[in-house]
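*Asks:*
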Amino acid sequence: MPGAFRKHAEAIYNLQVRPDDIWVITFPRSGTTWTQEMVWLIENDLDFAGAKKQPLYDRFPMLETTAQIPEIAVELIKANFMNLGYFQGLNGAVKVPSWKSVDEAPSPRFIKTHLPLSLLPPSLLSTAKVIYVARDPRDVAVSYYYLHKMVAKSLMRSTFTHFWDIFRRDLLPWTPIIEHTNEAWELRHHKNMHFVFYEDMLKDLPKVIRGVCQFLDRDYSEEQIRRLADHLSFNSFKKNKTVNNTTNENGEIQFIRKGEAGGWRTHFDAKMEVQAEEFLSTRLKGLTLKYPSLCNTDGECTYL
Numbered sequence: 093m094p095g096a097f098r099k100h101a102e103a104i105y106n107l108q109v110r111p112d113d114i115w116v117i118t119f120p121r122s123g124t125t126w127t128q129e130m131v132w133l134i135e136n137d138l139d140f141a142g143a144k145k146q147p148l149y150d151r152f153p154m155l156e157t158t159a160q161i162p163e164i165a166v167e168l169i170k171a172n173f174m175n176l177g178y179f180q181g182l183n184g185a186v187k188v189p190s191w192k193s194v195d196e197a198p199s200p201r202f203i204k205t206h207l208p209l210s211l212l213p214p215s216l217l218s219t220a221k222v223i224y225v226a227r228d229p230r231d232v233a234v235s236y237y238y239l240h241k242m243v244a245k246s247l248m249r250s251t252f253t254h255f256w257d258i259f260r261r262d263l264l265p266w267t268p269i270i271e272h273t274n275e276a277w278e279l280r281h282h283k284n285m286h287f288v289f290y291e292d293m294l295k296d297l298p299k300v301i302r303g304v305c306q307f308l309d310r311d312y313s314e315e316q317i318r319r320l321a322d323h324l325s326f327n328s329f330k331k332n333k334t335v336n337n338t339t340n341e342n343g344e345i346q347f348i349r350k351g352e353a354g355g356w357r358t359h360f361d362a363k364m365e366v367q368a369e370e371f372l373s374t375r376l377k378g379l380t381l382k383y384p385s386l387c388n389t390d391g392e393c394t395y396l
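Position in the sequence shown counted from 1, then plus 92, gives you this note's numbering.
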């Protein structure tokens with residue numbers, strides 16, 4: 093984790109969880125924004141007009157935003173260096189700790205975090221509803237690389253080959269990804285946990301929406317579910333300025349990228365594919381965690 097996290101870890105761990113909280117937990121670049129918008133609309137009677145009036149990062153704030161900002165970057169953000177102040181509400185996070193803003197927010201709260209369960213309040217699952225979204229680590233690595241390039245456009249000199257190397261060696265924030273995901277997977281049967289795969293959202297979004305509605309005790313007609321699925325479609329999402337944050341006012345650098353599964357194949361060379369196989373087989377050994385992209389239609393999974 094970034095060095096700044098140490099200053100905020102205790103406050104985050106001891107945050108008071110409320111019974112009407114809804115948390116979305118993911119490893120970065122795993123469908124977080126997609127899921128947040130879905131959950132917020134389900135819980136707010138499909139208020140599409142209301143959703144367009146307020147950025148998602150205000151409606152569904154990130155718990156540890158402040159804790160992920162390197163101290164050296166704080167003054168740069170305050171000065172709006174590279175227009176970073178327009179990205180994900182960073183200006184607000186350097187003025188007031190993001191966890192404090194969450195703590196003081198009125199109920200019901202919608203909370204996003206990339207932290208693993210082990211770093212979150214111990215009472216979380218026994219108190220609030222949690223939706224965890226997982227994605228093929230290879231696709232995550234590609235999307236995570238482009239996120240770093242987007243946020244630090246003039247500072248990011250690394251090639252994807254180098255980025256993949258530090259990703260698989262757990263040297264990036266929020267890694268290790270398999271362990272992060274497995275913590276939630278092991279608790280997937282808990283009454284307050286709803287576990288979703290990004291690949292299933294791509295395959296059958298209405299089905300996933302129905303599952304989330306059932307988990308949240310919300311009842312919608314098939315027509316309403318279709319409208320929500322249309323709103324959440326990739327083409328619609330990419331045009332939605334309240335969710336597709338940018339790093340500048342002109343929207344030149346987009347947060348929503350491709351929204352696909354299997355895109356890693358166009359970025360991995362033969363050597364990296366072998367490394368990925370070794371990475372997955374080693375990390376998944378002995379676990380019951382099954383990524384859909386690693387399993388066939390008969391449920392037989394590679395690397396298990």
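Note that the Cβ used here is the ideal one computed from N, Cα and C, for glycine as well.
Mark residue 366 as exposed unless 16 or more other C-beta atoms lie within 10 angstroms of its C-beta, in which case mark it buried.
*Replies:* As a position in the sequence shown, residue 366 is number 274, starting the count at 1. Per the 10 Å Cβ criterion, exposed.
*Asks:* Buried or exposed for residue 344, please, with buried defined as at least 16 other CB atoms from any protein chain shown within 10 angstroms of its CB.
*Replies:* Along the sequence shown, read from residue 1 onward, the residue named residue 344 stands at position 252. With a pLDDT of only 44 at residue 344, under 50, the local geometry of the prediction cannot be trusted, and no value is derived from it.
*Asks:* Hey, could you find the ends of the alpha helix (DSSP H) residue 149 is sitting in?
*Replies:* For the purposes of this step, residue 149 is taken as residue 57 along the sequence shown, with counting starting at 1. Start and end: 148–151.
*Asks:* In three-state DSSP terms, what is residue 161?
*Replies:* Counting from 1 along the sequence shown, the entry for residue 161 is found at position 69. Reduced to three states, the DSSP call for residue 161 is coil.
*Asks:* Rounded to a whole number of angstroms, what is the C-alpha to C-alpha distance between residue 254 and residue 122?
*Replies:* Sequence index remark: in the sequence shown, residue 254 carries index 162 (1-based). Sequence index remark: in the sequence shown, residue 122 carries index 30 (1-based). So the two alpha carbons sit approximately 21 Å from each other.
*Asks:* In the DSSP assignment, what residue or residues form a beta bridge with residue 305?
*Replies:* The residue given as residue 305 occupies position 213 in the sequence shown. According to DSSP, residue 305 bridges with nothing at all.
*Asks:* With DSSP run on the structure shown, which of helix, strand or coil describes residue 344?
*Replies:* Position 252 of the sequence shown holds residue 344. Reliability fails at residue 344, whose pLDDT of 44 lies under 50, so the model's placement of it is uncertain and the value that follows must be treated cautiously. Coil, per DSSP.
*Asks:* Taking Cβ to Cβ, would you say residue 277 is nearer than 8 Å to residue 289?
*Replies:* Taking the sequence shown and counting its residues from 1, the one referred to as residue 277 is at position 185. Taking the sequence shown and counting its residues from 1, the one referred to as residue 289 is at position 197. No. Outside cutoff.
*Asks:* Near residue 144, what residues of its chain come up, given a Cβ to Cβ distance below 7 Å and the 5 sequence neighbours on each side ignored?
*Replies:* In the sequence shown, counting from the first residue as 1, residue 144 sits at position 52. Taken in chain order, the residues that qualify are 334.
*Asks:* Starting from residue 286, follow its DSSP beta bridges and name the residues at the other end.
*Replies:* Residue mapping note: residue 286 aligns to position 194 of the sequence shown, counting from 1. Answer is 223.
*Asks:* Can you find at least 3 beta carbon pairs, one from the region 298–306 and one from the region 225–236, that sit closer than 8 Å?
*Replies:* Flag = no, the region 298–306 and the region 225–236 do not touch.
*Asks:* Under three-state DSSP, which class holds residue 204?
*Replies:* Translated into positions along the sequence shown, residue 204 becomes position 112. If DSSP states are grouped into helix, strand and coil, residue 204 belongs with the strands.
*Asks:* Mapping DSSP to helix, strand and coil, what is residue 118?
*Replies:* Indexing the sequence shown from 1 puts residue 118 at position 26. Strand.
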